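K.L.:
One structure, pasted below without further comment.
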């Protein structure tokens with residue numbers, strides 16, 4: 001806010017669980033930008049009779065698909081009921097599920113769909129084959145190694161849970177695969193952008 005909005009007179013508040021509701025309530029009346037979790041925002045809307053969103057101009061739901069996956073459908077529906085009809089609503093989602101479309105119908109008037117993905121420019125290859133195996137933990141490295149050896153000319157992407165697991169898998173397989181001349185690389189969020 002200080003870097004981008006130094007010429008503007010905006011103030012922001014973060015509404016999340018684990019904070020003092022009364023302290024948040026005292027500050028909310030002078031705030032122009034509110035960022036919060038659905039549960040805490042709804043809590044303020046329902047419990048603070050002095051709080052009004054009549055002047056709300058923009059309502060934004062980021063990662064709507066994730067919010068719905070986490071069980072916030074009813075909470076989001078209730079939040080929308082408290083908002084003025086005349087507003088701009090922005091709904092961002094990585095996927096277009098039926099739940100996201102339902103939320104769009106509930107919260108948007110005359111929606112415009114904008115996609116960053118053009119099916120005609122980069123369609124999903126018809127030859128793309130996606131597979132998965134359920135393997136006991138103690139056999140995962142052996143099964144993965146066998147799979148890579150059987151498909152030496154295929155491109156294989158392996159996802160793991162943490163950066164430490166990425167490092168471990170990369171170090172392990174780069175030593176093993178060096179003998180078979182199969183190249184490997186690792187990508188983590190801790191790497192600088194130019195290295196990715």
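Numbering (the UniProt record's numbering), first residue to last: 1 to 196.
Glycine residues also receive a C-beta, built at the ideal position from the N, C-alpha and C atoms.
Just so it is clear, the structure is predicted and the values come from calculations on it, not from any experiment.
(1) With three or more C-beta pairs closer than 8 angstroms as the rule, is the segment 56-65 touching the segment 15-26?
(2) Can you tell me whether DSSP reads residue 14 as helix, strand or coil?
(3) Would you tell me roughly how many angstroms separate the C-alpha atoms of residue 163 and residue 195, rounded to the nearest one?
(4) Could you have a look at residue 71 and say whether DSSP puts it in helix, strand or coil?
(5) To the nearest angstrom, how far is it from the Cα of residue 177 to the Cα of residue 115?
(6) With 7 angstroms as the threshold, decide whether the Cβ of residue 104 is near any Cβ in chain B.
(7) Assuming residue 103 and residue 90 are in contact, meaning their beta carbons sit under 8 angstroms apart, how far apart are those beta carbons, in whole angstroms?
(8) Between which two residues does the beta strand (DSSP E) containing residue 89 stretch?
(9) Considering only C-alpha positions, which residue in the set 40, 173, 187 is nearest to residue 181?
(10) For the beta strand (DSSP E) containing residue 59, list its first residue and its last residue.
(11) Over the uninterrupted alpha helix (DSSP H) stretch that includes residue 182, give me the two end residues.
(12) Can you tell me whether residue 11 is buried or exposed, with buried defined as 16 or more other CB within 10 angstroms of its CB?
(13) Whose CA, out of 44, 99, 57, lies closest to the CA of residue 71?
(14) By alpha-carbon positions, which one of 39, 65, 34 ends up nearest to residue 55?
(15) Among residues of its own chain, excluding the 5 on either side of residue 45, which ones have a beta-carbon nearer than 6 angstroms to its beta-carbon?
(16) Beta-carbon separation of residue 38 and residue 14 under 7 angstroms?
(17) Entirely within the segment 112-178 and at least 4 residues each: give me those alpha helix (DSSP H) ranges in chain order.
(18) Do residue 16 and residue 65 come within 7 angstroms of each other at the CB atom, strictly closer than that value?
P.N.:
Taking the definition as stated:
(1) no
(2) strand
(3) 15 angstroms
(4) coil
(5) 40 angstroms
(6) Absent here is chain B; the protein component of the structure consists of one chain.
(7) With a Cβ gap of about 12 angstroms, residue 103 and residue 90 do not count as contacting.
(8) 88-91
(9) 173
(10) 58-61
(11) Counting along the chain, residue 182 falls outside any alpha helix (DSSP H), and DSSP gives it neither H nor E.
(12) exposed
(13) 99
(14) 34
(15) 82
(16) no
(17) 140-150
(18) no
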